[in-house]
Amino acid sequence: MSQAHELVESDVLVVGGGLAGTLAAIAAKERLGSEGKVVVADKGKVGRSGQSAFAAGIFTAFDPEQDKIDVWMDEIVNWGEFLNDQAWCKLMFENGLRVLKGIDRWGAEKGLTVFEKDGDGRLLRRRSRGHLNTMHYVVNSLPMMDALTSKMRERQVITMNRLMVTDLVTVEGRITGAVGFDYTTNRTYYLRAKTVILCASGCGFRSVFMGHRNLTGDLLAAAYDAGVTFRNMEQYASNTTAKNYDIHGLNLYVGVGGRFLNAKGEEFMWQYHPVLGNRARLQDLVLSFCREIKEGRGPIYLDMSAASQADRALCRKILPESFRLWDRAGIDPFQQPVEWIPAFYGTITSGGGIHINTRCETNIPHLYAAGDITPEPPHGTYSFGGINLGFTAVSGWEAGSNAGSEAQSIQASAIEKSERARAREILRNRMQNLMRADGISGDDLTTAIQQAIIPVDSGYFKTAARLAESWQSLEEITEKLASLRAGSAHELMRVTELESMTKVAKLMVAAARARTESRGYHFREDYPFTDNENWLKWVTITNVDNELKIDTQQVPTPYVQPKEKRSIPPGIKRASSPGA
Ligand SMILES: Cc1cc2nc3c(=O)[nH]c(=O)nc-3n(C[C@H](O)[C@H](O)[C@H](O)COP(=O)(O)OP(=O)(O)OC[C@H]3O[C@@H](n4cnc5c(N)ncnc54)[C@H](O)[C@@H]3O)c2cc1C
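Counting from 126, one number per residue, gives the positions in the sequence shown under my numbering.
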């Protein structure tokens with residue numbers, strides 16, 4: 126692979142071309158006008174890789190003509206267990222519908238149905254997982270991404286596919302671009318830009334769940350190395366899925382009447398969440414499933430026999446990939462209960478990430494972040510379904526607009542020798558595995574990383590001792606990484622992904638060790654209560670002079686405050702209810 130990198134200069138560089146990245150690019154180009162240059166670099170294919178093209182139809186947005194903001198604020202903050210960034214909730218409520226309608230209009234221009242409408246042509250709204258008084262819109266994700274990539278082409282955004290971005294370049298404390306390589310051509314690049322927006326999503330640790338296998342946290346790791354501050358990393362998340370099939374769509378399935386049964390045939394979720402039952406938030410489902418199985422009442426099944434004929438047809442339309450798979454397997458999920466399990470998500474969706482303010486700025490000058498690479502700040506722990514898409518869209522647009530404006534105010538400068546040398550040095554360090562003849566293969570390290578953080582006792586029911594063991598395992602993996610070999614650009618990508626996943630796993634475990642209470646996905650058997658008196662705080666992590674520095678920050682609560690000093694966290698039985 127060539128060490129003499131190619132230089133690509135732009136006003137705004139966007140890393141990652143999912144929903145956040147495409148919207149950021151369109152918004153940046155709108156700010157910069159026809160003279161401005163916006164580049165989107167993606168490890169896979171813009172508009173097709175990552176999660177956005179697979180999203181399962183639930184897009185939450187507030188409608189000022191139909192909804193009450195204090196009701197929505199109350200629900201999102203209570204369900205998000207008070208870790209929400211309430212300023213971000215307000216921003217998302219204020220701007221979500223406008224961005225949604227913009228995407229829908231761009232789709233219509235191309236003859237695409239992005240959002241479902243009712244018989245009168247009004248945008249369809251439903252309630253699914255976690256929605257009590259709030260509601261979501263119903264989105265067709267592939268047409269949504271097609272509408273966005275087509276708008277990007279129309280605005281002459283430059284796309285670079287199959288380009289793995291590995292590291293950020295900083296000069297005197299500010300960001301000047303990123304480096305990476307194209308694993309199909311073996312070319313290396315310095316992508317120099319006035320401002321950079323990170324939209325490369327979270328880290329899914331290659332666990333079972335559709336749409337996030339290439340999301341290995343590369344830009345989380347790169348951002349950590351560059352001194353970016355992280356938040357909520359202890360909230361590592363999980364979704365749930367069919368045990369035997371790579372399927373998605375739970376939000377919709379419970380929205381159309383799906384219910385969870387344990388091995389005794391009991392509809393147990395009402396005991397863990399008496400208000401929402403089967404439509405409880407993900408953290409309730411995941412921890413309750415684990416508890417039921419641990420106490421001998423597993424396996425868990427999803428029973429969707431109550432769905433109406435119209436809802437069955439809607440599920441088929443919104444979830445084409447899942448239903449292609451069900452059909453091929455000869456299974457009708459509306460006729461027979463399907464075994465259902467927790468599916469580890471890592472930092473995907475609300476599971477922690479790069480801390481941003483409401484302008485999407487990070488703590489490093491000229492560096493922005495949007496979408497799933499952030500902790501999705503309106504979520505708190507995890508509030509209700511559809512926030513991921515709603516927040517990703519709003520943050521993508523905000524990041525693009527603000528990074529575009531800032532780029533306009535920065536004078537173009539010729540690249541200095543020292544900056545070019547810095548980019549070359551970073552790339553050389555990254556490629557050292559390629560030059561190592563006697564290194565070892567990293568084949569079994571993915572499993573080792575997963576073993577350190579995913580099993581029930583380390584990933585779901587934590588204690589100080591088990592977290593210390595996880596940390597020790599990750600330290601041992603870090604040592605092995607130093608002697609890995611990569612014989613080709615493709616293998617270099619795999620080795621880099623292992624390095625990224627290990628680094629991100631360490632940030633998660635470090636934050637989990639720091640939070641001595643239980644809240645959201647973070648359940649500590651040694652601290653089994655939610656402690657609002659001492660822990661209404663965000664855990665933050667920053668790399669300071671190559672030392673992992675943990676801090677806490679009191680959560681501002683301008684609109685909604687907790688009423689109890691201490692409360693029961695998710696995954697603990699509360700009471701039986703009429704729904705049981
Ligand atoms: C199966 C599934 C169903 C979902 N359903 C819903 C739903 O119904 N409602 C909802 O609100 N949310 C849903 N989500 C979550 C939602 O889709 C995501 O939160 C959202 O799409 C994130 O968008 P993003 O642009 O931040 O990231 P992504 O869409 O994941 O895009 C990230 C991009 O970054 C690229 N990238 C990664 N690493 C690198 C690198 N090193 N260099 C360059 N590029 C890189 C990837 O290739 C990818 O294209 C679902 C997620 C999944 C997986």
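Ideal Cβ positions, reconstructed from N, Cα and C, are used throughout, including at glycine.
Item                                                                                                       : Value
Residue of L375, L267, G612 minimising C-alpha distance to D229                                            : L267
Three-way DSSP call (helix, strand, coil) for H130 in this model                                           : coil
Alpha-carbon to alpha-carbon, Q461 and L345                                                                : 41 angstroms
Exposure of M429, with buried meaning 16 or more beta-carbon neighbours within 10 Å                        : buried
M285 (DSSP reduced to helix, strand or coil)                                                               : strand
For D292, three-class secondary structure by DSSP                                                          : strand
Beta-carbon proximity check, S585 vs C328, cutoff 8 angstroms                                              : Here residue 585 is Tyr; the residue named in the question, Ser, does not match the sequence. Their beta carbons are not under 8 angstroms apart, which means Y585 does not touch C328 by this criterion.
When M335, Q211, T641, I322 are compared against A589, the one with the closest alpha-carbon               : T641
Straight-line Cα distance separating L632 from I675                                                        : 9 angstroms
Given 8 angstroms, three or more beta-carbon pairs between the segment 342–358 and the segment 373–390     : no
Distance cut-off 7 angstroms: A145 Cβ against heavy atoms of ligand 2                                      : Because ligand 2 does not appear in the structure shown, any question about it cannot be addressed here, the ligands present being ligand 1.
Coil, strand or helix - A630 by DSSP                                                                       : helix
Ligand 1 heavy atom lying under 7 angstroms from the CB of K168                                            : yes
With 16 other Cβ atoms within 10 Å as the buried cut-off, status of Q686                                   : exposed
Boundaries (first-last residue) of the beta strand (DSSP E) holding E672                                   : 672–679
C-alpha gap between G246 and F240, whole angstroms                                                         : 11 angstroms
Under the three-state DSSP convention, the category F240 falls into                                        : strand
Exposed unless 16 or more other CB atoms sit within 10 angstroms - verdict on H615                         : exposed
I565, buried or exposed, once every other Cβ within 10 Å from all chains shown has been counted against 16 : exposed
Nearest to P502 (by Cα), restricted to the options F179, E155, K587, F207                                  : F207
Cβ-Cβ separation, N558 to A636 (assumed contact under 8 angstroms), whole Å                                : Not really, about 29 angstroms apart at Cβ, beyond 8 angstroms.
The segment 447–460 in contact with the segment 475–491 per 3-pair CB rule at 8 angstroms                  : no
Distance between beta carbons of A166 and G525, contact taken as under 8 angstroms                         : No, G525 and A166 are not in contact; Cβ-Cβ is about 15 angstroms, not under 8 angstroms.
Collapsed DSSP secondary structure at E464 in the structure displayed                                      : strand
G175 beta carbon near ligand 1 (any heavy atom closer than 7 angstroms)                                    : yes
Distance cut-off 7 angstroms: C324 Cβ against heavy atoms of ligand 1                                      : yes
Assumed close pair R555, T291 - CB separation to whole angstroms, cut-off 8 angstroms                      : 5 angstroms
The segment 371–382 in contact with the segment 523–539 per 3-pair CB rule at 8 angstroms                  : no
Residue of H261, G175, W204 minimising C-alpha distance to D192                                            : H261
C-beta contact flag for K368 and W465 at 8 angstroms                                                       : yes
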